[in-house]
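To keep things clear, I will list the structure first and then write my remarks on it.
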Ligand SMILES: [Zn+2]
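Numbering (the numbering used here), first residue to last: 150 to 395.
And the structure:
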């Protein structure tokens, strides 16, 4: 199995979490760096663990302080052989930690970077779905909607052939709409993630999340779709390999 989105650098002990994941069959983890320093830490983990790959970007929360030098450093880090995607990037009008114009500029710059490098882009969007879709309208590359939580974005996502990645919140009892959305995504566009240490899935809800817990999200998706968990796990492995070039 694979966890396509975790923040290993935000865990208390990443090495032990990677080990626990391996013990339940989660052999590959994509860890996400959210600023230049965090991206360097993410890459260090990829050098230490054969099954760990990196998604590198500057998070919308950090848009207010990101400089041109940061973008130049990010471009260089993305040249690392285990850097598989740009992100997470996008717009967050919910927390509003950074000025909206700065978020828009940084999002556009990272989309350009993804296009230039021919890498997929991993999208964070919160309370900004229509604006996010507007910015993505002209982006022709591979797109992953991370922690999918906006069913009304689904028609556009499916039409554009984007990958849709479900996290632990899709397992919550009230998330009927997310599980319904999961049944509407073609098998070859489906991904699963933990977003560790956030959003632990239902059986371990409220605890710090870790990559091993992607098994719960996979089980919930398989149940919603009426598929065998093992089949869905294999399908998602193939999807992740195709999307991220693993
Ligand atoms: Zn994330």
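Backbone N, C-alpha and C fix where the C-beta goes; we use that ideal spot for every residue, glycine too.
Check	Outcome
Euclidean distance between Cα positions of residue 182 and residue 227	11 Å
Length of the line joining the Cα atoms of residue 352 and residue 154	19 Å
Assigned secondary structure, residue 178 (DSSP; H/G/I helix, E/B strand, else coil)	strand
Selection from 243, 209, 332 that minimises the alpha carbon distance to residue 381	332
Proximity below 8 Å, CB of residue 361 to CB of residue 177	no
Any residue whose CB is nearer than 7 Å to a heavy atom belonging to ligand 1, listed in chain order	154, 156, 181, 237, 273, 295, 296, 344
Inside the region 192-217 only - alpha helix (DSSP H) runs reaching at least 4 residues	none
Those residues which DSSP pairs with residue 315 across a bridge	341
Beta-carbon proximity of residue 388 to residue 348, cut-off 8 Å	no
One or two residues paired with residue 273 in a DSSP bridge	239
contact_flag[the region 307-325, the region 362-372] where n(CB pairs < 8 Å) is 3 or more	yes
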